[in-house]
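To start, the structure under review is shown below, and the notes come after it.
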Amino acid sequence: MKHSVTLLASAAALLVAGSTGFAADIIGEPAVNYCRTVGTSDLVLTDNLVELKDHVVKLMDESVAVANSPEWINSSRPAFVWASEAKVACGMAYGYLKTNYKDEDTLNKCECFHDRMVEYMH
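The sequence shown maps to residues -23 to -1, 1 to 99 in mature numbering (1 follows the signal peptide of the UniProt record, and there is no 0).
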């Protein structure tokens, strides 16, 4: 019994020490830029709301198709991950657009995540 308690305490100590070191490493790293072009996306620059809604829906539909595809779900490439992120971001952007509000953050994420998805598909 005493051996089990010591073993459990040692495992817990290793887990805490390992996770603390890992967290410290993450904090010291520079922020990762997932998009090739930093700044305003083409979606944000689109003034025509009807055209913008149509394009966001197109990106969202493509992302949903990839996120639901067994080919990409079972792939070793991260296209499924980016598709999942894109469908959420594009869905949020579309929700804002339905009220005629252009939310720049969600539009930028929609385009960025969709672009990353496409990049990993090829």
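Idealized CB from N, CA, C, for every residue including glycine. What you are looking at is a predicted structure, and each value in this text was computed from that prediction instead of being measured.
In the three-state DSSP reduction, LYS79 falls in the coil class, being neither helix nor strand.
Pairing SER40 with ALA63 gives a Cβ-Cβ distance under 8 Å. By the criterion of at least three beta-carbon pairs nearer than 8 Å, the stretch 49 to 59 is not in contact with the stretch 75 to 82. HIS99 carries a coil assignment under DSSP once its states are collapsed to helix, strand and coil. Nearest to VAL95 by C-alpha distance, out of SER61, LEU74, LEU84, is SER61. Taking a C-beta distance under 8 Å as the contact criterion, CYS87 and VAL33 qualify as a contact pair.
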